[in-house]
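Remarks on the structure that follows.
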Amino acid sequence: MGQILHGSARTTAVVRRATQNSQESLNRLAERYDINPKTVVKWKKRSHANDAPVGPRQPHSTTLADVRARNGLRLHFASTTYSFGDCLYALRSSIPSLTRSACIACFSAMTSADCRRWKAISRQNKFFRNKKASHQ
């Protein structure tokens, strides 16, 4: 059974160990394994033959995971008559990790009655309050 490689990998652990232990020239190794000579240099410098993990070192969620933050966000938007951009700016002082996409995701999770309060108007501001729908 072979090793499972990620999309960018060109070498397996066996090839890496062979390049590390070989005394041949870099160009000859690169030709033999059909890889770039820079890749041979990289694996010769390393003390191990394992792939380095890809992705962030400390993974984190990009959504608002905290239930209190989501509920506070919904309450704030429901109780004010400010535009989406103004509310987002005001809330960033209390929730520094708040992003525009997280706000939009929060609105998508609202009930359909709450979602009717917002209308898409432009790419710059994305949403504004629909006063007719909010008073129905």
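Quick note: our numbering has the sequence shown finishing at residue 731, numbered continuously throughout. Note that beta-carbon positions come from the ideal geometry of N, C-alpha and C, so glycine has one too.
The continuous alpha helix (DSSP H) containing A608 extends over residues A608 to N616. Residues of the same chain with a CB within less than 8 Å of the CB of W638, apart from the 5 flanking positions on each side, are T606, R611, T614, Q615 and A644 in chain order. The Cβ-Cβ distance between V636 and Y628 does not fall below 9 Å.
In the structure shown, N622 adopts helical secondary structure according to DSSP, grouped into three states. For L683, the enclosing alpha helix (DSSP H) has its first and last residue at F679 to L686. Closest by C-alpha distance to S603, out of L624, V609, I630 and N622, is I630.
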